[in-house]
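Undergrad:
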C-alpha cells in the first residue's frame, strides 16, 4: 500500500528531475560535442605528424619463426628417432634401437676419390632402402645406421708414416714427430673439397655453428690419430660376460663387412684431373688435394708433380694400401662398373642370417629376390652423382709418361705408367 501511495508522488518528482536532467544533459551534450570536435581536430593534427602505425608483425620475428621452427622440429625428430627411440616406442613398437659410436654397423665401403662412392651410396639407399651415408658414419644425427661409403675411411688401412712404416720425409725430430706432423697438416685448416670433417666420425664436443676453429682442429687431430691405421691393428675387447675376445681392428666404430670399391685406374685418374686440376691436364693441382696427398703418402712430393702424376700416384698408393690390407681387414672387392646394388648388398652380408639388423636384411631380400630382374636394384649402376668429367679429360697409357702434360720428369720416364698398369691388373682390369 505504501508503494502505491507514494508511487505517483515519486513519478512527479522524477519528472521534474527528468526535465532538469534534460536541460543539464543538453548542456553536457553540447560541452561533450564541443570537446569531441576539439579532440578530433587534435587527433587529426597528431596523426598528420606522427609516424605511421605498425600494422604488421615484425618481419624479423616472422622470418625467425619460419626458419627456426622447422629446424627445431627436425632436430627434435632426429633426437627422438636416432638418440632416444625408447621414448616413443609406445607409439612405434618396432622402432629401430639407437646406434651409438661403438655399436656395430653392417657395411663399410672404401675407395679412392672419384671411384664412384657417392653413386654407390645413393643406389644402396634409394634402391634397397638402406641407411647408408656418404662420407658420414655419425649416427646420432644422421640416418646412416646400416653403413658408410667413404674414401677417407680408407685411412684405417693406410700405414702411419713414421710409426707403421719408415718413410723419408722433410720432417725432422724422430719417427713419432713425423706422424704427428702429418696429422697436423691434415687438420690445420678445413678443406671442404676433400669431403672430410671430424663430425663424419662422431658427434664431438664442438659447436656445429662454427665450421672450423681450435675446437674442431683438436677434435680432428684426436680422430685422425685414432683412425689412421686402426684397421691394421687388432685389440682385445671385453664381452658382456667380461671375457676377452679379439677384434680384427682397433677402430672406434666396428663394421661387420669392409669392401674395397674399385674403378678402372685410368678412368679414376681422368675424373681426378677434371675435379682437382685448375686449367686442365697441364694446369695447377688444387692445394686441398696436395695437402691430403702429401700427408697420407709423404714418400712422394706431390707438390712437384704434374696434375696427371699427382692423381696417378695417389690412385696407386691408396689402392695398393687397401690391397695389402686384405689379409687383415678387407673382406672383398668389387668393380663399380660391373656391380649391381643387390650384388654389393650380398657381398656386404646384408642377406646373411647374422646380419646386424634383421629388418634391413628382410628389406634387401624382398627387393633382390623379387621376380622382376629389371628393377634398378638388379641393374648395373649408372653414373648420376658428381659427374665432374663429362668428356673433359680422356687419357691413354702414353699420357702417363714423363715429359708430357706438364711433367717435370725426364722424357719417357715410365715409373708411373708401370705402376698404374700393375695396379690395373691387380684390380682385375685389362691393362693393354
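Numbering (the UniProt record's numbering), first residue to last: 1 to 432. Just so it is clear, CB atoms sit at the ideal spot from N, CA and C, and this is done for glycine as well.
By how many angstroms is the C-alpha of residue 422 removed from the C-alpha of residue 117?
TA: 23 Å
Undergrad: In angstroms with no decimal places, state the Cα-to-Cα distance between residue 209 and residue 93.
TA: 35 Å
Undergrad: By a C-beta neighbour count over all protein chains shown, 10 Å radius and 16 as the cutoff for buried, is residue 393 buried or exposed?
TA: buried
Undergrad: Just the Cα atoms here: how many angstroms apart are residue 214 and residue 367?
TA: 47 Å
Undergrad: Measuring straight from C-alpha to C-alpha, what distance separates residue 226 and residue 164?
TA: If I take the Cα positions, the gap works out to 14 Å.
Undergrad: So the candidates are 306, 328 and 427; which of them puts its Cα closest to the Cα of residue 403?
TA: Cα-wise, what sits closest to residue 403 is 306.
Undergrad: Among 60, 327 and 124, which one has its Cα closest to the Cα of residue 234?
TA: 327
Undergrad: With DSSP as the reference, label residue 60 as helix, strand or coil.
TA: Three-state DSSP puts residue 60 in a helix.
Undergrad: What residues in its chain sit with their C-beta under 7 Å from that of residue 83, if we drop five residues either side in the sequence?
TA: 98 and 140
Undergrad: From residue 415 to residue 303, what does the alpha carbon distance come to, in whole angstroms?
TA: 17 Å
Undergrad: From 383, 231, 258 and 76, pick the residue whose C-alpha is nearest to that of residue 271; which is it?
TA: It is 383 whose Cα lies nearest to the Cα of residue 271.
Undergrad: List the endpoints of the continuous beta strand (DSSP E) containing residue 132.
TA: Looking at the DSSP string, the run of the beta strand (DSSP E) that includes residue 132 is 132-134.
Undergrad: Can you list, in chain order, the residues of its chain with a C-beta nearer than 7 Å to that of residue 198? Leave out the 5 residues immediately preceding and following it.
TA: Excluding residues within five positions, the ones whose Cβ falls inside 7 Å are 204, 216, 219, 220 and 223.
Undergrad: Hey, is the stretch 356-367 in contact with the stretch 123-135, meaning 3+ C-beta pairs nearer than 8 Å?
TA: yes
Undergrad: Please confirm whether residue 229 and residue 159 have their CB atoms less than 8 Å apart.
TA: yes
Undergrad: Only counting the same chain, and skipping five residues up and downstream in sequence, which positions put a Cβ closer than 6 Å to that of residue 148?
TA: Here the set comprises 108, 133 and 137.
Undergrad: Give me, in chain order, the residues of the same chain whose beta-carbon lies closer than 7 Å to that of residue 309; leave out the 5 immediate sequence neighbours on both sides.
TA: So the qualifying residues of the chain are 407 and 416.
Undergrad: Measure the Cβ-Cβ separation of residue 191 and residue 288 and say whether it is below 8 Å.
TA: yes
Undergrad: Bridge partners for residue 148 per DSSP, in chain order?
TA: 108 and 133
Undergrad: Would you report the Cα separation of residue 201 and residue 104, rounded to the nearest angstrom?
TA: 13 Å
Undergrad: Where does the unbroken alpha helix (DSSP H) through residue 257 begin, and where does it stop?
TA: First-last for residue 257: 255-262, but that is the beta strand (DSSP E), not the alpha helix (DSSP H).
Undergrad: CB-CB under 7 Å to residue 142, same chain, minus the five flanking residues each way: which ones, in chain order?
TA: 133 and 136
Undergrad: Kindly indicate which residue of 72, 381, 71 and 261 has the alpha-carbon position closest to the one of residue 332.
TA: 261
Undergrad: Does the separation of the CB atoms of residue 115 and residue 336 fall below 8 Å?
TA: For residue 115 and residue 336, yes; Cβs fall inside 8 Å.
Undergrad: Roughly how many angstroms separate the alpha carbons of residue 286 and residue 293, rounded to a whole number?
TA: About 11 Å.
Undergrad: Quick check: the Cα distance between residue 346 and residue 329, rounded to an integer number of angstroms?
TA: 18 Å
Undergrad: For residue 273, which of 312, 256 and 254 has the nearest alpha-carbon?
TA: Nearest of 312, 256 and 254 to residue 273, Cα basis: 312.
Undergrad: Enumerated in chain order, which unbroken segments of the alpha helix (DSSP H) with a length of 4 residues or greater are wholly contained in the stretch 272-310?
TA: 287-296
Undergrad: With burial defined as no fewer than 16 other Cβ atoms inside 10 Å of the residue's Cβ, what is the status of residue 354: buried or exposed?
TA: exposed
Undergrad: Can you tell me where the beta strand (DSSP E) holding residue 333 begins and where it ends?
TA: Element bounds for residue 333: 332-335.
Undergrad: Check residue 265 in the structure and name its three-state DSSP category.
TA: helix
Undergrad: Suppose contacts are defined by Cβ-Cβ distances below 8 Å. Is residue 231 in contact with residue 325 by that definition?
TA: yes
Undergrad: Under three-state DSSP, which class holds residue 198?
TA: helix
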